[in-house]
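Our numbering applies: residue 311 is where the sequence shown begins, and numbers increase by one.
Below: the structure, in structure tokens.
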Amino acid sequence: MKVILIGVGGSSSSGKTTLSKKLLNILPNSFIIHQDDFAPPNDKIPLDPIHNVQNWDDPDYSIEWDRLIKVLDYVKTEGKLPSSHKSHDHLHPPSQSNLISKDLNAKELALQKKSKERSPDGVIYALLDGFLCFYNETVRNMLDVRIFLNADRETLKKRRAQREGYATAEGDVWIDPPFYFDDIVWPAYIKAHKDVFVNGDPEAGIPTPHIRDLHVYDSTKLDVDEILSNATVDIVEYARQTRL
């Protein structure tokens, strides 16, 4: 057994969860770890000092990093999630990323067939879906394949405004206040990626030299099928190279 841990990162509303769920349909022996499942309880999320609302996006506080690292260690050793792990992804309001059909189109069927044929025996693909896949150095170094979906600020802002909210582990739904993207989401996004991209600029999407093998796809220039195809090749070819 060999576990390939794949980080699928990007800003909120970049398309990373859609891509992760489509990859789940394409890759044999695969499962998803949603980084959002490792958010602290509601009452542990700090308040923004200016707006006095909870800041769910600051990379230092929005994920329980020790808990995530422990689960990723288990996944890489055992090839599955621990039985104690619970996900709240199903609680999110309906959206495109939560309605990925199991009925594949012709391109997806061909991609699925090819990935099964080329994927080495005994490989398990674990997909880490999260907006902070590359912030924590320990997590970043645990990843075997790193995929980042980027987009410009205005596109991300527009997409986020169209969302119906975000489910918490307690079953509540968080709705962004009007100022939330500009004053909290975007500054936190820049903070989380200042060491990942040259000049701390995720819009330009040029990885810094110490981030090895980061595959960056612009979700405003490539359609979902193109990104899915390219990402599948990235993942399966890595599996083949490391099994030789």
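Each residue gets a CB set at the ideal place from its N, CA and C atoms; glycine is no exception.
Compute the beta-carbon to beta-carbon distance between Phe444 and Ile521, rounded to the nearest angstrom, for a pair I have assumed lies under 8 angstroms. 7 angstroms
Name the DSSP bridge partner or partners of Val508? Answer is none; Val508 lacks a bridge partner.
Identity of the residue in Ser397, Pro356, Val546, Val506 nearest Gly481 by Cα: Ser397
Determine which residues share a DSSP beta bridge with Pro497 and list them. For Pro497, which the question treats as bridged, DSSP gives no partner whatsoever.
On the DSSP bridge list, what partners appear for Lys438? The sequence shown places Leu at residue 438, rather than the Lys named in the question. Gly317, Ile343.
Distance, Cα to Cα, Pro517 vs Leu437? 21 angstroms
For the alpha helix (DSSP H) containing Val363, name the first residue and the last one. Per DSSP, Val363 belongs to no alpha helix (DSSP H) and is neither H nor E.
Apart from the five residues just before and just after Ile494, which ones in its own chain have a Cβ nearer than 7 angstroms to its Cβ? Asp358, Asn365, Asp367
Quick one: grab the DSSP three-state call for Phe491. helix
Out of curiosity, what's the CA-to-CA distance linking Ala541 and Ile457? 7 angstroms
Check each candidate in Lys417, Glu464, Pro487, Thr465 and name the one with the smallest Cα separation from Glu474. Pro487
Please report how far the alpha carbon of Gly325 lies from the alpha carbon of Thr530, in whole angstroms. 10 angstroms
Express the C-alpha separation of Ile545 and Ser372 in angstroms, rounding to a whole number. 28 angstroms
How many angstroms separate the CA atom of Val266 from the CA atom of Gly440? Beyond the ends of the chain as shown, which are 311 and 554, falls residue 266; an answer cannot be given.
Can you give me the Cβ contacts of Gln406 inside the same chain, cut-off strictly under 8 angstroms, excluding the 5 residues immediately before and after it? Annotation note: pLDDT 44 at Gln406 (below 50); position unreliable, coordinate value reported separately. Closer than 8 angstroms at Cβ, skipping near neighbours: Thr328.
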